[in-house]
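Numbered according to mature numbering (1 follows the signal peptide of the UniProt record, and there is no 0), the sequence shown spans residues -21 to -1, 1 to 606.
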Amino acid sequence: MCWPVTAVLLLAHLGATLTGAWRASQPRLQFTHSELIQNGRLLTLPLVAGDLHSLVPDEDGRHLYVAMKDNLLSTSLDDITQNPRKLYWPASPDRVQECLMAGKDLELECANFLRVLQPFNQTHLYVCGTGAFNPRCAFIATSIFQRSEHQTLSYSQTECGKGKCPYDPFQKTASAVVDGELYAGITSDFMSRDSAFFRSLGSRHVIRTEQYDSTWLQNAQFVRVAPLSETDNPEDDKVYVFFTERAQEAEGAAGKVLYSRVARVCKNDIGGQRSLVNKWSTFQKARMVCSVPGPDGLETHFNQLQDIFILQGKDKKNPLIYGLFTTSSDILNGSAVCVYRMEDIVRAFKGNFLHKEGPQYKWAEFTGKVPYPRPGTCPSSTYGSYSSTREYPDDVIFFSRTHPLLQENVLPLGERPLLVRVGVHYKFSKLLVDRVEAIDSTYDVLFIGTDSGLVLKAIHLPREHGQSQEVTLEQLQVFQHKSPVTAMTLSKKKWLFVGSREGVSQLALYQCELYGQACAECCLARDPYCTWDGHACSPYMPTVRRRNARHLGEEEDPLTQCVRQGAVLQVEAEQRVMMVAEGNSTYLECLPRSRHAAVTWYKQAGENSPELNQVHTIHCCTFLFVS
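This is the structure:
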């Protein structure tokens, strides 16, 4: 029999915990792929070719260019599903056969995997592919996509890609076009043994790092290339490259150790005159550290650099460098985001050099005399007698060749990660940062892609004593089959584009109304894109003045904010009543939209008792046996 209504009552109390909710590490909202589509927030463009590598937006032409296997795609930056057009660029049949004869795989290696996609000017792209282990490059006019939906690029329209694109599609590469020249970090040989940083194109001679010298580069996996100006003197401009490599200075009893690095070269470097001919004469590198201290005082290092995002601010010479790292250990599965100041990177390059006297010696600080001008210095009018690197004294060139490694490590802000994930079912793979002007302050919103097809949206809030609090706002499953995120980019119209082997997804950065219909719910969300305007949770527009607008980036409690502005709080708990049959077990299920909500179940103490006793649950749900 069933208990009468007055006998057993089970109430689900889904009240949001207003104290401490923003300190929770769980994402406030989670959306599956189907929920995102139902909410009208996600557009998808499935792609058969797979192996999507790069996404490049063209804000002026309103196009999104997509580099993948055997194809270059152009689609609308406003709606990726509208009028996509393909340029088919396969490897030549002869090269495919040679690739197969070398023992390579037809689908995974013996094709043209596009690995370089760079805007060259307003009318052309510079694109390179592996060409079935025979890299080829081409200048492609963007107007070609206006002719027809499907076109083919012939072998005769391409040029040799050696020194610009890797042979092996599994090797990580990074590139950038700077002043009409291509800077590329690649493995430049068939066997993937020659890690190198090149400069090509333009009128100057091709220049590269020293070949097969493990002191310069050792099994490097390149992540990002970027031009960065440290001073107002254009002759001092440099190009930075971020990568992971085997650390020669750490090898020994520990075996092979990976370090993340930042290296730089002068843009006006043309190599040496008698030594380092057509080689970089200003190449230097330093270690980037991203670690957390353990209870025993030992550091846990996130050594594998996966992505870099450079966030420009008002001071163009001191951007923030956001680095995305993972652990290189098979035992600990972890990811982290660390933030670096440009001035700290520059300071490391002004520090002491590391030196190794011989094979039986350990690496140590170089204590000898450093030649003048200091190795790594760019030639300029400051040094009147040196107008180019070919005029540098032999001792400067020799020192540059034998001492590319700096002693000082580059440490992140606060000397700790901004965000850490350990023991979860995914690793971070891609990172974007959007600086948002909110009502109370300016916030950096992080969009993090993972190897399970998730995109996390997170912010960090300043706290006392230089501390900060990470808040994960949303967890979004942007791909149906949980494919690893391989590319991401943002448009100025606040669209996030995400790429994987499944295709391209276009995602709105926010959907404020989903946080709730009350002031406190909106403020508790902590989303800088959203604000309570007095009537609803709506997108914040800096150009619109709203007297009642409230946002909980402020230190003030959300309830206090809402009461102060006279808002109706509407925080009464939602209640759910269930009737339970005597002698049976019942599953008490509750799925609140906000993962920061507290859920509590109560049962009536007795048949005629008005008292309610709390039922202790795990993860909001439990089995209750009623006797």
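Glycine residues also receive a C-beta, built at the ideal position from the N, C-alpha and C atoms.
Here the structure is a predicted model, which is why all the values come from computation and not from measurement.
{"Asked": "Option in ALA120, VAL483 and TYR371 with minimal Cα separation from GLY251", "Found": "TYR371"}
{"Asked": "Residues bridged to CYS245 [DSSP beta-bridge criterion]", "Found": "LYS217"}
{"Asked": "The region 281 to 296 touching the region 179 to 195, judged by at least three CB pairs closer than 8 Å", "Found": "no"}
{"Asked": "Residue range of the beta strand (DSSP E) that includes PHE378", "Found": "Unbroken run through PHE378 is the alpha helix (DSSP H), 373 to 381; no beta strand (DSSP E)."}
{"Asked": "Endpoints, beta strand (DSSP E) assigned at ALA504", "Found": "Looking at the DSSP string, ALA504 is not in any beta strand (DSSP E), and its letter there is neither H nor E."}
{"Asked": "Spatial distance of SER33 from ASN50 (CA atoms)", "Found": "12 Å"}
{"Asked": "Separation of TYR162 from TYR238, as counted between CA atoms", "Found": "22 Å"}
{"Asked": "Coarse secondary structure for HIS32, derived from DSSP in three states", "Found": "coil"}
{"Asked": "Selection from ALA487, LEU411, GLU394 and PHE92 that minimises the alpha carbon distance to SER447", "Found": "GLU394"}
{"Asked": "Assigned exposure category for PRO274 - 16 Cβ within 10 Å defines buried", "Found": "exposed"}
{"Asked": "3-residue-minimum beta strand (DSSP E) runs that sit fully inside the region 441 to 512, ordered along the chain", "Found": "447 to 456, 466 to 469, 474 to 479, 482 to 487 and 509 to 511"}
{"Asked": "Buried versus exposed, by CB contacts within 10 Å (16 or more), PHE169", "Found": "exposed"}
{"Asked": "Environment of residue 609 [buried if 16+ CB atoms lie within 10 Å]", "Found": "Examination of residue 609 is not possible in this model, given that the chain is present from -21 through 606 alone."}
{"Asked": "Distance CB(PHE221)-CB(VAL202) smaller than 8 Å", "Found": "yes"}
{"Asked": "CB contact flag (CYS491, CYS541, <8 Å)", "Found": "no"}
{"Asked": "Top-ranked residue by Cα proximity to LEU15, from GLU322, ARG480, ALA515 and GLN456", "Found": "GLN456"}
{"Asked": "Proximity winner among VAL318, SER270, PHE262 and CYS78, relative to PHE328 (alpha-carbon distances)", "Found": "PHE262"}
{"Asked": "Bridge partner(s) assigned by DSSP for ILE165", "Found": "ALA175"}
{"Asked": "Complete alpha helix (DSSP H) runs within the region 251 to 335 (minimum length 4 residues, chain order)", "Found": "321 to 328"}
{"Asked": "The region 481 to 496 contacting the region 18 to 30, beta-carbon criterion three pairs below 8 Å", "Found": "yes"}
{"Asked": "Three-pair Cβ contact test at 8 Å for the region 374 to 388 versus the region 401 to 409", "Found": "no"}
{"Asked": "Reduced DSSP category for CYS541 - H, G, I as helix; E, B as strand; rest coil", "Found": "helix"}
{"Asked": "Span separating the alpha-carbon of ASP423 from that of GLU88", "Found": "39 Å"}
{"Asked": "VAL27, DSSP secondary structure in three states", "Found": "coil"}
{"Asked": "Inter-stretch contact (C-beta, 8 Å, three-pair minimum) for the region 80 to 87 and the region 54 to 63", "Found": "no"}
{"Asked": "For ARG203, the first and last residue of its enclosing alpha helix (DSSP H)", "Found": "First-last for ARG203: 200 to 207, but that is the beta strand (DSSP E), not the alpha helix (DSSP H)."}
{"Asked": "Extent of the continuous beta strand (DSSP E) run through CYS116", "Found": "115 to 120"}
{"Asked": "Distance CB(GLU228)-CB(LEU390) smaller than 8 Å", "Found": "no"}
{"Asked": "Start and end residues, alpha helix (DSSP H) containing LEU15", "Found": "12 to 17"}
{"Asked": "Contacting residues, own chain, Cβ-Cβ under 7 Å from PRO518 (five flanking each side not counted)", "Found": "TYR489, CYS491, TYR508 and CYS509"}
{"Asked": "Inter-stretch contact at 8 Å, needing at least 3 Cβ pairs: the region 300 to 309 / the region 274 to 283", "Found": "yes"}
{"Asked": "Cα-Cα separation, ILE438 to ALA242", "Found": "29 Å"}
{"Asked": "8 Å Cβ cutoff met for SER462 and SER484", "Found": "no"}
{"Asked": "Secondary structure of ARG74, DSSP reduced to three states", "Found": "helix"}
{"Asked": "C-alpha distance - LEU31 paired with LEU433, whole-angstrom precision", "Found": "16 Å"}
{"Asked": "Buried versus exposed call for ARG414 [16 or more other C-beta atoms within 10 Å across all chains shown]", "Found": "exposed"}
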